[in-house]
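Chains as they are written, first to last, in our numbering: chain V, 1 to 268; chain E, 1 to 252.
This is the structure we're talking about:
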């Protein structure tokens with residue numbers, strides 16, 4: 001076994017994994033801070049879990065699971081928003097229902113297909129080593145699109161996050177912006193599922209931003225810091241996973257959460 | 001000129017009336033206090049004036065315009081929400097948000113917006129705090145920043161929803177003096193929702209009481225009957241030893 005730290009970069013699948021991790025970290029950094037500031041962490045987690053329904057359907061139909069995953073994540077994002085604004089169901093109740101329904105559908109549809117156990121595991125817990133260069137391209141395109149939106153709508157998203165009631169009073173399209181934000185979350189979450197899996201996706205989306213908030217001021221600084229931190233977590237997680245032969249999704253998340261607890265402790 | 005003109009306004013939530021047959025005229029230059037029990041519709045009435053809620057019946061005109069068209073003439077200080085005290089924005093960032101209605105979608109705040117924001121911060125005595133994070137300011141200072149935000153679009157009408165909440169007693173007098181100054185020297189018409197009857201009686205030139213129905217006589221006083229009707233019980237309103245009486249002397 002090659003114990004030199006950079007040895008693992010000799011494998012193409014490791015290089016792809018690292019590239020995907022860096023691209024995804026940038027995406028997470030931009031979307032994640034808005035998730036935290038708008039207090040939609042639980043909604044985002046619900047969207048991730050509900051995406052599993054779509055993934056199961058795609059898998060069952062023998063089509064691309066992630067395309068269906070994005071579709072069901074979007075449906076969930078819009079569904080939660082619509083149900084809570086049009087009925088007496090509270091938001092967290094709606095999220096709970098969507099979350100478990102999506103998971104249940106996903107499990108049923110996947111169990112009706114072949115190769116169920118192995119693929120189920122990789123969707124739930126991620127498998128960054130199975131990521132392809134095409135996936136990296138997809139993540140990059142999405143990252144550029146989200147960055148463009150956030151630059152274009154910077155003051156709008158800031159007002160939405162800080163004071164939506166006031167925003168409404170001065171004519172900010174609050175509802176459309178919130179749906180746009182949820183859609184950005186839906187896209188990001190599905191991309192991240194490939195890397196860390198449904199169960200842990202919310203950690204990668206929020207932990208780097210949560211740490212940077214403790215140390216940086218201003219949104220651009222927090223975003224840049226989170227992108228770098230995310231990259232560091234993915235890299236360290238991958239190295240640990242490579243040398244100790246444990247699932248990479250889990251090592252990435254453990255690295256991130258250890259950093260979070262250390263950061264919280266020293267910035268008390 | 002009439003700042004606010006509301007005629008025969010009704011608003012329902014389901015079958016239940018939230019605002020009942022409201023008629024209200026606020027003249028330009030008035031400083032009106034709006035009191036009333038919780039859930040009486042005070043915040044809702046402000047939102048109707050802002051065009052955020054459409055009434056089921058009746059008409060609302062702000063400076064002769066419909067509320068949405070009049071928005072650029074209105075400054076609004078919403079009820080103090082418990083915002084994230086670590087939210088990464090400076091006082092300047094917050095004040096700039098008030099320029100949104102002038103700048104519009106996609107465009108960035110320009111030099112002119114920044115100058116206006118500085119001017120607004122100066123008018124509330126907060127210019128030295130422009131670069132400070134909003135969460136690092138005291139309750140009273142934060143509220144001044146929110147007033148600056150409502151002033152930055154140069155409004156002719158200012159709507160404040162319980163603006164003194166979260167300000168300690170020492171800073172409250174200063175805060176109300178600031179509002180008085182905006183009213184008298186800048187000629188801004190003010191409608192202020194308040195629970196603080198003492199403050200209201202001292203500073204306002206008109207007083208109205210709302211509990212679904214509006215009790216208002218175009219004066220700075222209300223009758224004991226009005227207040228009892230609105231609150232559903234006798235309210236001791238002159239017990240604070242204030243220099244101005246809230247209740248009109250009995251005619252009978």
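Just so you know, even glycine gets a beta-carbon here, dropped at the ideal spot from N, CA and C.
- A distance of 9 Å or more separates the beta carbons of residue 125 of chain E and residue 142 of chain E.
- A check of alpha carbon separations from residue 203 of chain E across E:195, E:176 and E:185 identifies E:176 as the nearest.
- Under DSSP, no beta-bridge partner is assigned to residue 166 of chain V.
- In the three-state DSSP reduction, residue 113 of chain V falls in the coil class, being neither helix nor strand.
- Counting C-beta pairs closer than 8 Å gives three or more between the region 67-83 of chain V and the region 98-114 of chain V, which meets the contact rule.
- In this structure, residue 158 of chain E lies away from residue 197 of chain E, with their beta-carbon atoms at least 9 Å apart.
- Under the three-state reduction of DSSP, residue 49 of chain V is assigned to helix.
- Those residues of the region 132-157 of chain E placed with their C-beta closer than 7 Å to a C-beta in chain V are 133, ordered along the chain.
- Residue 26 of chain V is a Cβ neighbour of residue 143 of chain V, given a cutoff of 9 Å.
- For the 9 Å CB-CB criterion, residue 198 of chain V and residue 52 of chain V form a contact.
- Under the three-pair Cβ rule at 8 Å, the region 180-188 of chain V does not count as touching the region 105-112 of chain E.
- Below the 9 Å Cβ cutoff, chain V contributes no neighbours of residue 124 of chain E, its closest Cβ being approximately 16 Å away.
- By the CB criterion at 9 Å, residue 4 of chain E and residue 200 of chain E fall outside the cutoff.
- Residue pairing by DSSP places residue 76 of chain E opposite E:159 in a beta bridge.
- It is roughly 21 Å from the alpha-carbon of residue 129 of chain E to the alpha-carbon of residue 82 of chain E.
- Legend: CB atoms of the region 211-239 of chain V lying less than 9 Å from CB atoms of chain E belong to residues 213, 214, 216, 217, 218, 219, 221 and 222.
- Residues 73, 74 and 75 of the same chain have their beta carbon placed closer than 6 Å to that of residue 155 of chain E, with the five preceding and five following residues left out of the count.
- Chain order gives no chain V residues near residue 45 of chain E, where near means a beta carbon separation below 8 Å; the closest approach is about 14 Å.
- Contact annotation: residue 19 of chain E and residue 36 of chain E have beta-carbon atoms that are not nearer than 9 Å.
- Minimum Cα-Cα distance from residue 229 of chain E among the listed residues E:217, E:210 and E:219 corresponds to E:210.
- Within chain E, the residues 78 and 81 have their CB atoms less than 7 Å from the CB of residue 165 of chain V, given in chain order.
- Here residue 119 of chain E is not bridged, per DSSP, to any residue.
- In this structure, the alpha-carbon of residue 38 of chain E lies about 30 Å from that of residue 187 of chain E.
- Under the Cβ criterion of 9 Å, residue 158 of chain V is counted among the residues facing chain E.
- Apart from sequence neighbours up to five positions away, the residues of its chain that approach residue 48 of chain V with a beta-carbon distance below 6 Å are 189, 198 and 201, ordered along the chain.
- Taking the Cβ atoms as the reference, residue 128 of chain V lies roughly 7 Å from residue 249 of chain V, within the contact range of under 8 Å.
- Under a 10 Å Cβ-count criterion, residue 138 of chain V is classified as buried, with 16 or more other Cβ atoms of the shown protein chains found around its own Cβ.
- For residue 109 of chain V, the CB contacts under 6 Å within the same chain, skipping 5 residues up- and downstream, are 56, 57 and 60 in chain order.
- For residue 17 of chain E, the three-state secondary structure derived from DSSP is strand.
- Taking all protein chains in view, the Cβ of residue 11 of chain V is surrounded by fewer than 16 other Cβ atoms within 10 Å, so the residue is classified as exposed.
- In the displayed model, residue 155 of chain V falls within a helix according to three-state DSSP.
- Residue-level contact by beta carbon fails for residue 116 of chain V and chain E, as no gap is shorter than 9 Å.
- Ranking E:53, E:163 and E:60 by CA distance to the CA of residue 169 of chain V puts E:53 first.
- By the Cβ-count criterion, residue 54 of chain V is buried, with 16 or more other Cβ atoms from all chains shown falling within 10 Å of its own Cβ.
- With contacts defined as CB atoms closer than 9 Å, residue 268 of chain V and residue 88 of chain E fail to qualify as a contacting pair.
- Within chain V, the residues placing a beta-carbon under 9 Å from that of residue 108 of chain E are 154 and 155, ordered along the chain.
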